[in-house]
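Following the working numbering from start to finish, the sequence shown increments by one per residue and tops out at 187. The structure appears below as structure tokens.
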Amino acid sequence: MKRAVRFITLWSLSLTFACGLDQGGSALDVNFEKYELDNGLDVVLHVDRSDPVVAVAMTFHVGSAREVRGRTGFAHLFEHLFFLDSENLPSGGLDRLMTRVGSSTNGSTNTDRTNYYETVPTNALELALWMEADRMGFLLPALTEAKLANQQDVVRNERRQSYEIAPYGEVWAVLAKEMWPAGHPYHHTTIGSHEDLEA
-11 MKRAVRFITL
-1 WSLSLTFACG
9 LDQGGSALDV
19 NFEKYELDNG
29 LDVVLHVDRS
39 DPVVAVAMTF
49 HVGSAREVRG
59 RTGFAHLFEH
69 LFFLDSENLP
79 SGGLDRLMTR
89 VGSSTNGSTN
99 TDRTNYYETV
109 PTNALELALW
119 MEADRMGFLL
129 PALTEAKLAN
139 QQDVVRNERR
149 QSYEIAPYGE
159 VWAVLAKEMW
169 PAGHPYHHTT
179 IGSHEDLEA
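Written as structure tokens, this is what we have:
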């Protein structure tokens, strides 16, 4: 176990070091603007006109570390729910709408945050921003018991594929329990347990 922890620590340090340097070994300098909207949303804007695409990324400071015992996996489950219909998104939700404009779309959840991102043609920026706003404000009116049950099954199947039947898949659950004491917010995996996801 100590070897695995040492490997992860060294890997993280190596990745941090590698990401902070460009090919010539000097620190990267990325120009950006940062400001806060009236509603409290922080915006970080970087302009790169090398390609005719725009990347939109939304990060929420909600991850599995904010979950309590008996309610694990909820942050990741909500990540899935946010890809479904909202009150104003057409049937098929975000994925279908973004596919129509040629977008690359995905999201992820970890212990400390949940993020969503799209890479769209520049003429679809307004659509991507509208869609992000709509799913933030109008998810619940479109959420049904059937949609929730479907995504509970999807996440439970993802747990089976990623942890239970994958070679060495359970190592992440073991590492979390061994590295962090009971009661610590990192003591459980982001995907949660079957029992909690069904609760």
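Think of the CB as a built atom: it goes at the ideal place given N, C-alpha and C, for glycine as much as any other residue.
inquiry  = Looking at the secondary structure, which residues open and close the alpha helix (DSSP H) in which residue 138 lies?
reply    = The continuous alpha helix (DSSP H) containing residue 138 extends over residues 133 to 147.
ask   = Can you list, in chain order, the residues of its chain whose CB lies under 8 Å from that of residue 100, leaving out five sequence neighbours each side?
value = Scanning its chain for C-beta atoms nearer than 8 Å, with the 5 sequence neighbours on each side dropped, one finds around residue 100 the residues 49, 51 and 53, in chain order.
query = Which residues in the same chain have their Cβ closer than 8 Å to the Cβ of residue 76, if we skip the five residues on either side of it in sequence?
reply = Only 122 and 126 meet the Cβ criterion.
ask   = What span of residues does the alpha helix (DSSP H) with residue 162 cover, start to end?
value = Residues 159 to 167.
inquiry  = Distance check for residue 166 and residue 40, CA to CA, integer angstroms please.
reply    = In a straight line, the C-alpha of residue 40 is about 47 Å away from that of residue 166.
query = Using the C-alpha atoms, what's the distance from residue 27 back to residue 87?
reply = So the two alpha carbons sit approximately 29 Å from each other.
query = Which of the three DSSP states, helix, strand or coil, is assigned to residue 33?
reply = Correct three-state label for residue 33: strand.
query = To the nearest whole angstrom, what separates the beta carbons of residue 61 and residue 179, a pair I think is in contact under 8 Å?
reply = That pair is a contact at about 6 Å.
ask   = Which term fits residue 63, buried or exposed, when burial requires 16 or more other beta carbons within 10 angstroms of its beta carbon?
value = Under this definition residue 63 is a buried residue.
task = Identify which residue in 158, 132 and 91 has its Cα closest to the Cα of residue 115.
result = Comparing Cα positions, the closest option is 91.
query = Quick one, are the C-beta atoms of residue 164 and residue 176 less than 8 Å apart?
reply = Their beta carbons are under 8 Å apart, which means residue 164 touches residue 176 by this criterion.
request  = Use the C-beta contact count for residue 37: other C-beta atoms within 10 angstroms, 16 or more gives buried, fewer gives exposed.
outcome  = It is exposed - the Cβ of residue 37 has fewer than 16 other Cβ atoms within 10 Å.
request  = Check whether the Cβ atoms of residue 108 and residue 42 sit closer than 8 Å, and answer yes or no.
outcome  = Contact: yes.
task = Identify whether residue 95 lies in helix, strand or coil by the three-state DSSP scheme.
result = In the structure shown, residue 95 sits in a strand (DSSP, three-state: E or B).
task = For residue 105, I'd like the list of residues in its chain whose CB is within less than 8 Å of its CB, leaving aside the five on either flank, ordered along the chain.
result = Around residue 105: 43, 44, 45, 46, 93, 94 and 95.
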